[in-house]
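Our numbering puts the first residue of the sequence shown at 56, with every later residue one more than the last. In this text, a Cβ means the ideal position worked out from N, Cα and C, and glycines have one as well. Contents: one structure, followed by commentary.
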Amino acid sequence: MEEKVVQTLREGSLLRVEINRPKSLNALNREVLESLRTTFEELKGDTSLRAVIITGAGEKAFVAGADIQSMSDLDEAGIRSYVELGQQVMRSIEQCHVPVIAAVNGFALGGGLELALSCDIILASSKAKLGQPEVNLGIIPGFGGTQRLIYRCGVGTARRLCYTGDILSAEEGARLGIVDQVFEPEALLEQAHAMAQTIASKGPLAVWGAKEVIREAQDGLLCEGLSKEVEKFLELFQSADRKEGMAAFLEKRTPDFTGQ
């Protein structure tokens with residue numbers, strides 16, 4: 056029987072969600088996004104749930120990004136559907152009534168970092184790598200990265216990461232405020248579970264209430280920014296630079312951008 060691309064494990068009041076495409080470095084294709092959406096939709100109204108942990112299968116990647124191969128041939132309607140689905144998934148995680156902990160066990164690039172940013176708490180392996188390298192493809196982040204980075208690390212760092220595509224170590228991510236804590240790889244899931252248990256031991260109404268009001272502090276501007284991000288992403292996706300950037304990525308060569 057074929058394994059699910061998103062696997063879940065319920066342990067009492069805690070839920071672990073694992074992206075399970077290790078051969079593709081857990082890249083976010085449509086199947087993964089739809090499975091994540093379904094998973095979080097099914098959590099609504101679950102008053103016995105206290106915390107969720109999201110991680111990636113294997114030792115190399117949390118989520119290495121969006122699935123460039125599947126994206127590259129999409130037409131205008133297809134890419135709009137894909138990006139809007141991605142944004143819906145990130146919002147559903149962000150709006151989950153319980154805290155969501157990202158256990159970043161490896162690469163968290165592009166859509167992978169955006170997935171982590173939609174979580175309440177980001178814990179990372181010391182071997183993790185983080186970044187928004189979409190500029191190398193001639194596009195911008197499309198799942199909320201341009202907006203949520205600002206709330207995590209400030210507008211200056213958000214600009215640098217989106218303009219340069221720089222890849223950060225876990226320690227640098229922690230110094231900048233993107234990552235909350237860094238652990239040795241073998242201790243990451245244990246520490247994530249311990250934090251989830253700590254949260255579960257607190258008054259649930261207070262935890263849910265804290266999450267709600269903290270989220271509402273940023274929701275107005277965030278929603279407006281997310282909408283603008285989608286439209287700019289779709290505009291750039293039609294450019295010659297995007298086609299060149301993705302072709303170069305798939306062909307493992309340096310892109311030759313023309314500004315068109």
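Note to self: Taking the straight line between their C-alpha atoms, what separation do you get for Leu170 and Gly264?
What the structure shows: 23 Å
Check: Roughly how many whole angstroms lie between the Cα atoms of Gly314 and Pro259?
Finding: 52 Å
Item checked: 8 Å Cβ shell around Asp175 - same chain, five flanking residues per side excluded -> Pro154, Val155, Ile156 and Lys266
Note to self: Assuming Gln246 and Leu178 are in contact, meaning their beta carbons sit under 8 Å apart, how far apart are those beta carbons, in whole angstroms?
What the structure shows: 6 Å
Next item on the list: Determine, using beta carbons only, whether Arg146 comes closer than 8 Å to chain B.
Entry: The structure shown has no chain B; it contains just one protein chain.
Checklist line | Alpha-carbon to alpha-carbon, Val144 and Asp296 | finding: 27 Å
Notebook entry, point to check: Does DSSP put Ile194 in a helix, a strand or coil?
Noted result: coil
Notebook entry, point to check: Going by the CB atoms, is the gap between Leu231 and Cys208 shorter than 8 Å?
Noted result: yes
Checklist line | C-beta atoms of Phe117 and Asn81 nearer than 8 Å | finding: yes
Notebook entry, point to check: Comparing alpha-carbon positions, which option in Leu70, Glu189, Leu83 and Ile134 lies nearest Ile109?
Noted result: Leu70
Check: For Glu89, which residues of its own chain have a beta-carbon under 6 Å away from its beta-carbon, when the five flanking residues on both sides are left out?
Finding: none
Checklist line | Span of the alpha helix (DSSP H) around Gly280 | finding: Pro259 to Phe292
Next item on the list: Quick one: residues in its chain with C-beta nearer than 7 Å to the C-beta of Cys151, no 5 flanking neighbours on either side, listed in chain order?
Entry: Phe95, Leu98 and Val107
Next item on the list: Pull up the DSSP beta-bridge partners for Thr63, would you.
Entry: Val72
Margin query: Using DSSP's beta-bridge definition, name the partner residues of Gln143.
Written below: Gln143 is not bridged to any residue.
Margin query: Between the alpha carbons of Val138 and Glu226, how many angstroms are there, rounded?
Written below: 30 Å
Check: Just checking my contact of Gln236 with Glu131 at CB under 8 Å: how many whole Å lie between their CB atoms?
Finding: Going by Cβ atoms, the distance from Gln236 to Glu131 rounds to 42 Å, so no, they are not a contact pair.
Check: Which first and last residues belong to the beta strand (DSSP E) in which Ile108 is found?
Finding: Ala106 to Gly111
Item checked: Alpha-carbon spacing of Ser125 relative to Asp274, whole angstroms -> 31 Å
Next item on the list: Run the CB neighbour count on Lys59, radius 10 Å, all protein chains shown included, and call it buried at 16 or more, exposed below.
Entry: exposed
Next item on the list: Identify, in the order they occur along the chain, each residue of the same chain with its Cβ nearer than 7 Å to the Cβ of Leu291, setting aside the five sequence neighbours on each side.
Entry: Gly193, Ile194, Ile195 and Arg297
Check: Which value, in whole angstroms, describes the spacing of the CA atoms of Ala163 and Ala261?
Finding: 31 Å
Check: Can Val159 and Ser180 be called in contact, C-beta distance under 8 Å?
Finding: yes
Check: Residue ranges of each alpha helix (DSSP H) run of no fewer than 4 residues wholly in the region 168-218, ordered along the chain?
Finding: 200-208
Margin query: Within 10 Å of its beta-carbon, does Ala183 have 16 or more other beta-carbons around it, so buried, or fewer, so exposed?
Written below: buried
Next item on the list: Taking only runs that begin and end inside the region 216-250, name each unbroken beta strand (DSSP E) of 3 or more residues, in chain order.
Entry: 222-224 and 236-238
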